[in-house]
Amino acid sequence: MAISSRSARSPEGDSPLLQSLLGLSREISLCEPPLRQRRRARSAARKARILSLLFEELLCAVHPAGDLPRSAVLWLREIFVVLRRFKRLLDSCSDRMSRVSLVLGLESVAGDFHELTRSLSRLLCVFPVSDLGLGEDSVELVELLQKQCRRSSAAVDPEDEELRSEILEMVGDLEQKIIPDHSKLENMFERLGVNDFMKLCKEIERLEVEIPDRVDPNRTARMTALLGLLRYGKCVLFGASPAPGSHLHADHGGFETSDAAVPADFRCPISLDLMRDPVVVSSGQTYDRESISGWIASGHATCPKSGQVLSNSRLIPNRALRNIIHQWCGQHGVPFDAPEYPEVSVDPDRLRTSKAVVEAVKMTTLFFLRKLEASPSAESANKIVHELRQMAKSSSDNRAFIAEAGAVPLLASLLESNDAHLQVNAITALLNLSILPVNKRRIMLAAGGLDGLVYVLRSGRTWQAKENAAATLLSLSTHHASYRRKVAMTAGVAEGLAELVRSGPASSQRDGLVAMLNLAGDKDNIGRLVEGGVVEAALEATAVPEVAEIALTVVAAVAKRGGAAAVAETKGSIARLAGAMRWGTDRAKETAAAALVSVCPQGGEAAVAELTAISGIECAIWNLMRSGSERGSRTAASLGRMCRRWAVVAPEE
Numbered sequence: 001m002a003i004s005s006r007s008a009r010s011p012e013g014d015s016p017l018l019q020s021l022l023g024l025s026r027e028i029s030l031c032e033p034p035l036r037q038r039r040r041a042r043s044a045a046r047k048a049r050i051l052s053l054l055f056e057e058l059l060c061a062v063h064p065a066g067d068l069p070r071s072a073v074l075w076l077r078e079i080f081v082v083l084r085r086f087k088r089l090l091d092s093c094s095d096r097m098s099r100v101s102l103v104l105g106l107e108s109v110a111g112d113f114h115e116l117t118r119s120l121s122r123l124l125c126v127f128p129v130s131d132l133g134l135g136e137d138s139v140e141l142v143e144l145l146q147k148q149c150r151r152s153s154a155a156v157d158p159e160d161e162e163l164r165s166e167i168l169e170m171v172g173d174l175e176q177k178i179i180p181d182h183s184k185l186e187n188m189f190e191r192l193g194v195n196d197f198m199k200l201c202k203e204i205e206r207l208e209v210e211i212p213d214r215v216d217p218n219r220t221a222r223m224t225a226l227l228g229l230l231r232y233g234k235c236v237l238f239g240a241s242p243a244p245g246s247h248l249h250a251d252h253g254g255f256e257t258s259d260a261a262v263p264a265d266f267r268c269p270i271s272l273d274l275m276r277d278p279v280v281v282s283s284g285q286t287y288d289r290e291s292i293s294g295w296i297a298s299g300h301a302t303c304p305k306s307g308q309v310l311s312n313s314r315l316i317p318n319r320a321l322r323n324i325i326h327q328w329c330g331q332h333g334v335p336f337d338a339p340e341y342p343e344v345s346v347d348p349d350r351l352r353t354s355k356a357v358v359e360a361v362k363m364t365t366l367f368f369l370r371k372l373e374a375s376p377s378a379e380s381a382n383k384i385v386h387e388l389r390q391m392a393k394s395s396s397d398n399r400a401f402i403a404e405a406g407a408v409p410l411l412a413s414l415l416e417s418n419d420a421h422l423q424v425n426a427i428t429a430l431l432n433l434s435i436l437p438v439n440k441r442r443i444m445l446a447a448g449g450l451d452g453l454v455y456v457l458r459s460g461r462t463w464q465a466k467e468n469a470a471a472t473l474l475s476l477s478t479h480h481a482s483y484r485r486k487v488a489m490t491a492g493v494a495e496g497l498a499e500l501v502r503s504g505p506a507s508s509q510r511d512g513l514v515a516m517l518n519l520a521g522d523k524d525n526i527g528r529l530v531e532g533g534v535v536e537a538a539l540e541a542t543a544v545p546e547v548a549e550i551a552l553t554v555v556a557a558v559a560k561r562g563g564a565a566a567v568a569e570t571k572g573s574i575a576r577l578a579g580a581m582r583w584g585t586d587r588a589k590e591t592a593a594a595a596l597v598s599v600c601p602q603g604g605e606a607a608v609a610e611l612t613a614i615s616g617i618e619c620a621i622w623n624l625m626r627s628g629s630e631r632g633s634r635t636a637a638s639l640g641r642m643c644r645r646w647a648v649v650a651p652e653e
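Structure representation (structure tokens):
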């Protein structure tokens, strides 16, 4: 074989390019064909094997420092692009794309294979044989490839088409409330390649990630229906999922955190924690849904980061960022849980579900509740409750079906469980159910419902259980003023929230303070909150930077609605509020000033005297008057007048 010599463009010549092509073609030829699109995958592997023989011959013929003709180099680069696209398509069919999505998109995937084959065929037609002076064997390989490419077709494999028809028929049966036959389900899962528990869970996870990214509503509806079918099949064939809990401490430890350094862009500006459900508010800033929901629920109407007034309370999911965070968590071994907090605003289009999904959820729910009613072991109950918890977080329809089927009393009965994992799953399932207004009433009226929540709040075995108990009480109390009063007046609620704020980590303190703030919105509740130690706990929390602003807001709310005297009587209250005015954030300064305006008149001369004796307080008041918001300036001016009046009437000594 003779290769035209050229002056070398680099010390290594074109060997690296040929080596890359050889490696890529061999990799494709060794790819395990997927269960679906198997014929096309094998055909691509055969073509890659033939090309690898050609690249081997070229490598043997080219001197290590030699150079191929320019026409050959350009051709090889184009071939590399096509082979790389083949590799990505094969990887997608084998690993990245869900099996169900692959079956639904038979024509699309077949078209992709056909288009790549045509691209390869066009390149083979312009293969620079004369420039390379290849032998007859190599020319025959190229001709063989051309013949194979010409036989390519975009037609769908009959076997794949038959499977798709059977799957869609089963979805149709679901719509008619016909329970799927177990043997047919097993056969379908076998042919999809998801015939064991772990494979099926992975398939469900893939489908959940793919559905939000679809732009075709019809395709999305079918994928959603099939997701319901897969979940039902998983439950009836393999039982409830093993509830994750290996990272849960046995005693008030909450969940372990990874040692990986979380990038700043992945942290919520409010909580500084990793965002699990990033959403964008009207100001354009991104927050974690849980944190910004609590911020808005506490009465704030401005963006925490920019200070801009929010034109609406709609929270738009930032799916691109969520996918990036999800990938980062997978790479660094950080647990990534999907969102489980009440949504402030939900796009109605996202809640549309097909009839098949509705029936699948109903069947699955009844299946699990029958199992739970049979009083299974703690381990089995934990698996079932975890499954209900996962279902309840996904949509309003699911929350309605689960509660209507009688889940609330069963879950409430598990709140005092000694099993830490079961307790967390039960309280979180109730939290997810409480998002739906009608379910709030069910929880309030359920035997042991409210008392069970208080038990978990005060005696929960983990901080996560206590946090979710506080969040559930908050969810219940936001529905109606009468519910807010009932929650506040329930024995142990105020005390439990105060204990949570005093002793818990920052996330627990935040949940407790948000619940306090909501309850303090009703004047009738103030006396009970004061008795329960809310004022002392909130004042102590003003020293914690992560929750100082909301703690001050709680103090100001209690003082404004009749608890000013109690705040004034609390040891160190004036000093703490004054300290916030001097050293706090802009928002903290304004909130502390508002609290002092309410407290000082009730505390009398002693309170004002204590305030004016604090070094630097006059400067803090003047700074707030000069640089604060319009409301903050007015509040500071009122506080300044109080101090001046006292100075005038104070007896000279």
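Residue numbers for the sequence shown follow UniProt numbering, beginning at 1 and rising by one. Cβ coordinates follow ideal geometry from the N, Cα and C atoms, glycine included.
1) Is it right to say G496 is buried, meaning 16 or more other beta carbons lie within 10 angstroms of its own, or is it exposed?
2) With distances taken from CA atoms, which of V129, A392, I325 is nearest S71?
3) According to DSSP, what are the bridge partners of Y287?
4) With a threshold of 8 Å on Cβ separation, who are the neighbours of R77 within its own chain once the five nearest residues in sequence on each side are excluded?
5) Where does R461 fall in DSSP's three states?
6) Between which two residues does the alpha helix (DSSP H) holding K362 run?
7) First and last residue of the alpha helix (DSSP H) that includes C125?
8) So, L517 versus V487, is the Cβ gap smaller than 8 Å?
9) Would L120 pass as a contact of V142 if the rule is Cβ separation under 8 Å?
10) Is the beta carbon of L226 closer than 8 Å to that of I178?
11) Name the residue from E107, P69, N318, E169 whose alpha carbon lies nearest to the alpha carbon of R40.
12) Name, in chain order, the residues that DSSP records as bridge partners for R267.
13) Taking the straight line between their C-alpha atoms, what separation do you get for R484 and T490?
14) Three or more C-beta pairs closer than 8 Å, one from the segment 573-582 and one from the segment 611-623: is that the case here?
15) Which residues does DSSP list as the beta-bridge partners of P317?
16) Please report the straight-line C-alpha distance between I427 and E205, rounded to a whole angstrom.
17) Who are T302's beta bridge partners in DSSP?
18) If you drop the 5 nearest sequence neighbours on each side, which residues of the same chain put their C-beta closer than 7 Å to that of I402?
19) In this structure, does DSSP put L192 in helix, strand or coil?
20) When the Cβ atoms of the segment 317-329 are set against those of the segment 184-196, are three or more pairs found closer than 8 Å?
21) For C643, which residues from the same chain have a beta carbon less than 6 Å from its beta carbon, with the 5 sequence-adjacent residues on both sides left out?
22) Go through its chain and collect everything with a Cβ distance to R582's Cβ below 6 Å, but skip five positions before and after it.
23) Using beta-carbon positions only, say whether A498 and E549 come within less than 8 Å of one another.
24) Would you say the beta carbon of A446 comes nearer than 7 Å to a heavy atom of the ligand NAP?
25) Let me check understanding here. Comparing Cα to Cα, which of V454, Q146, N398 lies closest to V438?
26) With distances taken from CA atoms, which of A374, V358, K371 is nearest S394?
27) Looking only at C-alpha atoms, which of V424, L473, R267 sits nearest to M275?
28) When you compare only the Cα positions, how much space is there between L351 and L436?
29) Looking at L431 and N468, is the spacing between their C-beta atoms short of 8 Å?
30) Taking just the CA atoms, how far does W75 sit from D347?
31) Please report the distance separating the alpha-carbon of A566 from that of F367.
32) Quick check: L104 and R164, are their CB atoms within less than 8 Å of each other?
33) For V456 versus Q423, is the C-beta spacing smaller than 8 Å?
34) Buried or exposed: M97, going by 16 or more other Cβ atoms within 10 Å of its Cβ?
35) Please state the DSSP three-state secondary structure of T490.
36) Near Q19, what residues of its chain come up, given a Cβ to Cβ distance below 8 Å and the 5 sequence neighbours on each side ignored?
In brief:
1) Counting from one through the sequence shown, the residue named residue 496 turns up at place 496. Result: buried.
2) As a working note, residue 71 is residue 71 in the sequence shown. Checking every option, the nearest Cα to that of S71 belongs to V129.
3) Numbered from 1 along the sequence shown, position 287 holds the residue referred to as residue 287. Answer by DSSP bridge pairing, in chain order: V279.
4) Indexing the sequence shown from 1 puts residue 77 at position 77. The answer, listed in chain order, is L17.
5) To locate residue 461, count along the sequence shown from 1; it is residue 461. Coil, per DSSP.
6) In the sequence shown, residue 362 corresponds to position 362, counting from 1. Segment 355-373, the alpha helix (DSSP H) holding K362.
7) As a working mapping, residue 125 is identified with position 125 in the sequence shown. Counting along the chain, the alpha helix (DSSP H) containing C125 begins and ends at 106-125.
8) Sequence index remark: in the sequence shown, residue 517 carries index 517 (1-based). Sequence index remark: in the sequence shown, residue 487 carries index 487 (1-based). No, the pair does not count as a contact, with Cβ atoms beyond the cut-off.
9) Start at 1 with the first residue of the sequence shown, and residue 120 comes out as number 120. Start at 1 with the first residue of the sequence shown, and residue 142 comes out as number 142. The criterion of a C-beta distance shorter than 8 Å is not satisfied by L120 and V142.
10) As a first step, residue 178 must be located in the sequence shown, where it is residue number 178. As a first step, residue 226 must be located in the sequence shown, where it is residue number 226. Not in contact: I178 and L226 (Cβ atoms no closer than 8 Å).
11) In the sequence shown, counting from the first residue as 1, residue 40 sits at position 40. Here the closest residue by C-alpha is E107.
12) Along the sequence shown, read from residue 1 onward, the residue named residue 267 stands at position 267. Its beta-bridge partners are L274.
13) In the sequence shown, the residue the question calls residue 484 occupies position 484. In the sequence shown, the residue the question calls residue 490 occupies position 490. Straight-line Cα distance between these residues: approximately 10 Å.
14) Two segments are said to touch when three or more pairs of C-beta atoms, one from each, lie closer than 8 Å; by this definition the segment 573-582 touches the segment 611-623.
15) The count along the sequence shown starts at 1 and reaches residue 317 at position 317. Answer is V279.
16) Reading the sequence shown from its first residue, position 427 is the one you call residue 427. Reading the sequence shown from its first residue, position 205 is the one you call residue 205. When rounded, the distance between both Cα atoms is 24 Å.
17) Taking the sequence shown and counting its residues from 1, one reaches residue 302 at position 302. Residue pairing for T302: DSSP places it in a beta bridge opposite V309.
18) Numbered from 1 along the sequence shown, position 402 holds the residue referred to as residue 402. So the list reads T365, L388, M391, A392, L433, once near-sequence residues are dropped.
19) Working through the sequence shown from its first residue, we reach residue 192 at position 192. Three-state DSSP puts L192 in a helix.
20) By the Cβ test, the segment 317-329 is not in contact with the segment 184-196, since fewer than three Cβ pairs between them sit closer than 8 Å.
21) Residue 643 sits at position 643 when you count from the first residue of the sequence shown. These residues qualify, in order along the chain: T612.
22) The residue you call residue 582 lines up with position 582 of the sequence shown. Excluding sequence neighbours, R582 sits near G616, A620.
23) For this step, residue 498 is matched to residue 498 along the sequence shown. For this step, residue 549 is matched to residue 549 along the sequence shown. Cβ atoms of A498 and E549: not closer than 8 Å.
24) By its list of ligands, the structure shown contains no ligand whatsoever, and the ligand NAP lies outside what it can speak to.
25) Within the sequence shown, residue 438 is the residue found at index 438, counting from 1. Residue N398 is the option with its Cα nearest to V438.
26) As a first step, residue 394 must be located in the sequence shown, where it is residue number 394. Ranking A374, V358, K371 by Cα distance to S394 puts V358 first.
27) The residue you call residue 275 lines up with position 275 of the sequence shown. Across the set V424, L473, R267, the C-alpha of R267 shows the shortest separation from the C-alpha of M275.
28) If you number the sequence shown from 1, residue 351 lands on position 351. If you number the sequence shown from 1, residue 436 lands on position 436. Here the model assigns L351 a pLDDT of 37, short of 50, so the residue's position is not dependable and the matter cannot be decided.
29) Start at 1 with the first residue of the sequence shown, and residue 468 comes out as number 468. Start at 1 with the first residue of the sequence shown, and residue 431 comes out as number 431. Contact: yes.
30) The residue you call residue 347 lines up with position 347 of the sequence shown. The residue you call residue 75 lines up with position 75 of the sequence shown. Here the model assigns D347 a pLDDT of 40, short of 50, so the residue's position is not dependable and the matter cannot be decided.
31) On the sequence shown, position 566 is the one that residue 566 refers to. On the sequence shown, position 367 is the one that residue 367 refers to. So the two alpha carbons sit approximately 53 Å from each other.
32) Locating residue 104 in the sequence shown gives position 104, counting from the first residue. Locating residue 164 in the sequence shown gives position 164, counting from the first residue. Taking 8 Å as the cut-off, the Cβ atoms of L104 and R164 count as close.
33) Position 456 of the sequence shown, counting from 1, holds the residue named residue 456. Position 423 of the sequence shown, counting from 1, holds the residue named residue 423. Yes, the Cβ-Cβ distance between V456 and Q423 is below 8 Å.
34) For the purposes of this step, residue 97 is taken as residue 97 along the sequence shown, with counting starting at 1. Around the CB of M97, 16 or more other CB atoms lie within 10 Å, so the residue is classed as buried.
35) Along the sequence shown, one-based indexing puts residue 490 at 490. For T490, the three-state secondary structure derived from DSSP is coil.
36) Position 19 of the sequence shown, counted from the first residue, corresponds to residue 19. So the qualifying residues of the chain are L59.
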